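The structure appears right after this line, and notes come after that.
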Amino acid sequence: MSDNTDSNEERPCLHCLIGDVIDEFYAEYGSTSGDRDAIDVDEVITALAKTIAELTYGSDAALRQRILDTLTREISEFESEFANTPASDMRH
């Protein structure tokens, strides 16, 4: 169990990896409007929604609802946190 701490320190932050992939995607392909310096938030939301749907496919309705409730709660909590924190101090 003591090895668990070491492995967590080496493990990359999933949030950061997802952010990097989004940044790289828009740097390479640009937005649907053709702007290479803009991220299409609607497109990102759609992609994340599809990903959540794929991850929960086959789960029972109660589990899917709990996941959606958790997602909504997490978004609200992070939105509040990010609104009140300098970008460099955001937690992972």
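Heads up, the sequence shown is in our numbering, so the first residue is 0 and it goes up one at a time.
Even glycine gets a Cβ: it sits at the ideal position worked out from N, Cα and C.
As the structure is a prediction and not an experimental result, all values here were calculated from the model.
query	result
Residues near Asp39 by beta carbon distance below 6 Å, same chain, minus five either side	Ser30 and Thr31
First and last residue of the uninterrupted alpha helix (DSSP H) at Tyr28	Leu13 to Tyr28
Alpha-carbon to alpha-carbon, Ser79 and Ala26	28 Å
CA-to-CA distance, Ala37 to Tyr28, given in whole angstroms	11 Å
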